[in-house]
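Participant: Structure below; questions to follow.
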Amino acid sequence: MMDKVIFDNKLSSYLLLLLFILISTSITLFLLIFFREKKLSVFKRFSLFFILLIYSISFHISLIFFTKYTQVYNILLDLTKILYVFTFTFLFVSFMNFFIGRIYRDELLKQHIHLSLQIESLLKKTVLVFSLLIALTVILSILGVNVLSLITGLGIGSAAIALAAQDLLTNLIGGMTIFFSKVLNVGDLVEINDEIGYIISIGLRTTKLKRYDNKIVVFPNSIVAKSKIINHMENDIVKISYVLQLEYKTPVENIKKAADIVTKILNDDERIKEKNSINVGFYKFDQYSLNIYVNFAVNKNMDVGAIKEDFHYLVKYNFDKEGIKFAFPTQTVELENKE
3 MMDKVIFDNK LSSYLLLLLF ILISTSITLF LLIFFREKKL SVFKRFSLFF
53 ILLIYSISFH ISLIFFTKYT QVYNILLDLT KILYVFTFTF LFVSFMNFFI
103 GRIYRDELLK QHIHLSLQIE SLLKKTVLVF SLLIALTVIL SILGVNVLSL
153 ITGLGIGSAA IALAAQDLLT NLIGGMTIFF SKVLNVGDLV EINDEIGYII
203 SIGLRTTKLK RYDNKIVVFP NSIVAKSKII NHMENDIVKI SYVLQLEYKT
253 PVENIKKAAD IVTKILNDDE RIKEKNSINV GFYKFDQYSL NIYVNFAVNK
303 NMDVGAIKED FHYLVKYNFD KEGIKFAFPT QTVELENKE
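Numbering-wise (the numbering used here), the sequence shown opens with residue 3 and increments by one.
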């Protein structure tokens, strides 16, 4: 019965293949249980590699028992090659993730390579994406698919893929620029394209900002890299600046009084711990207004939105009380009577 031929191969060959699969499964289960009890982090990190390697070797050995160049042999050979591709792709990804992780745990390297912590996730994702693309290309070649001809034959589809890849690459470069320049970090209070809020994530393609009204604004990294950015954070301090525009007809006494009112409001606010950061003064004759500059800082753990809102109410209330008026764009037209 063992000599019975199925698809040009003996039944015993199939049984041996099944036996090798069972042995591989048993070895895999044993290793998983053994290393879990030993709590070896190295095996945890490379466990999938070991599992794939065991099955790859099993299929490779089982090829000995099949007649060469038969349909079943060719299928098993391709399957073995594909398993090896996945095995060493995962080994490469795991090794790169381990290496990238070590960079961030090594204080000496951190001092010489000024990278944000967020870039670790970005680098790992980049390695994974490009590794999978290379693996997919190799697998298609194993299956006899001409990858170059396939892409060329896609026509419009290939153009769309190229455009999508261009967009991804542009955003990726933008993300790398953000990280290496250390312009932004998660938790920073920033202003991008007239949107102000806290950075909650910096990803592979986008940067997310949470406004004071809890709305999330998503920026492509390519836009962020080219935009004017105001970062209000410095050593866990949020810097807040205002320009209060007063009417041109405001008397000098009222200008001084306005500056004193603002200074008192800020000094009286117990939430503003950095009193030495308070800077208020008349600094500019603008086109339509007399400008008072206001600058102060608060700890990032404070409710910045509430502090600013209270400041607005108090300034408006006290200015109205003293008859100090804000400016708005005006234009004076003089008519000359020639009669």
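Ideal Cβ positions, reconstructed from N, Cα and C, are used throughout, including at glycine. The model shown is predicted, which means the values in this text are computed figures rather than measured ones.
Identify the residues that DSSP records as bridge partners of A261: which are they?
Facilitator: Bridge partners of A261: none, in fact.
Participant: Give the secondary structure of N301 by DSSP, where H, G and I count as helix, E and B as strand, and everything else as coil.
Facilitator: strand
Participant: Could you work out which residue in R207, L138, M235 is closest to V226 when comparing CA atoms only?
Facilitator: The shortest C-alpha separation from V226 is found at R207.
Participant: Measuring alpha carbon to alpha carbon, tell me which residue in I53, T89, N195 is nearest V219.
Facilitator: N195
Participant: Near A299, what residues of its chain come up, given a Cβ to Cβ distance below 6 Å and the 5 sequence neighbours on each side ignored?
Facilitator: I239, K241, E276, S279
Participant: From the DSSP output, in three-state form, read off S291 for me.
Facilitator: coil
Participant: Since I believe L24 is in contact with S64 (beta carbons under 8 Å), could you give me their beta-carbon distance rounded to a whole number of angstroms?
Facilitator: Not really, about 12 Å apart at Cβ, beyond 8 Å.
Participant: Just the Cα atoms here: how many angstroms apart are L111 and N223?
Facilitator: Its pLDDT being 49, under 50, L111 is placed unreliably by the model, and the measurement read from it follows with that caveat. If you take the alpha carbons of L111 and N223, they lie about 26 Å apart.
Participant: Straight-line CA distance for I231 to L316?
Facilitator: 29 Å
Participant: Just to check my reading of the structure: S26 and F68 have Cβ atoms closer than 8 Å, yes? What is that Cβ distance to the nearest angstrom?
Facilitator: 17 Å between Cβ atoms; not a contact.
Participant: Give the DSSP-derived three-state secondary structure of V147 in the structure shown.
Facilitator: coil
Participant: In whole angstroms, give me the CA-to-CA distance for G325 and K318.
Facilitator: 10 Å
Participant: Since I believe V296 is in contact with S243 (beta carbons under 8 Å), could you give me their beta-carbon distance rounded to a whole number of angstroms?
Facilitator: Indeed, because the Cβ distance is near 7 Å, the residues count as touching under 8 Å.
Participant: With a CB to CB cut of under 7 Å and the five nearest residues on each side skipped, what residues in its chain are close to K83?
Facilitator: I144
Participant: Note down the Cα distance separating I115 from N187, rounded to an integer number of angstroms.
Facilitator: At I115 the pLDDT is 47, less than 50, meaning the model places this residue with poor confidence; the figure from the coordinates comes in the next sentence. Looking at the two C-alpha atoms, the distance is approximately 16 Å.
Participant: Could you check where the alpha helix (DSSP H) with Y71 kicks off and where it finishes?
Facilitator: Counting along the chain, Y71 falls outside any alpha helix (DSSP H), and DSSP gives it neither H nor E.
Participant: Taking the beta carbon of I263 as the centre, do at least 16 other beta carbons fall within 10 Å, making it buried, or is it exposed?
Facilitator: buried
Participant: For H314, does the count of other Cβ atoms within 10 angstroms reach 16, so buried, or fall short, so exposed?
Facilitator: exposed
Participant: What separation, rounded to the nearest whole angstrom, lies between the Cα atoms of T128 and G205?
Facilitator: 11 Å
Participant: Less than 7 Å between the beta carbons of V131 and L142, yes or no?
Facilitator: Contact flag unset, no.
Participant: Which residue wins for smallest C-alpha separation from L50, given the options L268, D80, L85?
Facilitator: Relative to the Cα of L50, the nearest Cα in the group L268, D80, L85 belongs to L85.
Participant: What number of angstroms, rounded off, separates the C-alpha of D322 from the C-alpha of K259?
Facilitator: 12 Å
Participant: Whole angstroms is fine: what's the gap from F101's alpha carbon to K210's?
Facilitator: 28 Å
Participant: Quick check on N173: buried or exposed, where buried means 16 or more other Cβ atoms within 10 Å of its Cβ?
Facilitator: The residue is buried, with at least 16 neighbouring Cβ atoms inside 10 Å.
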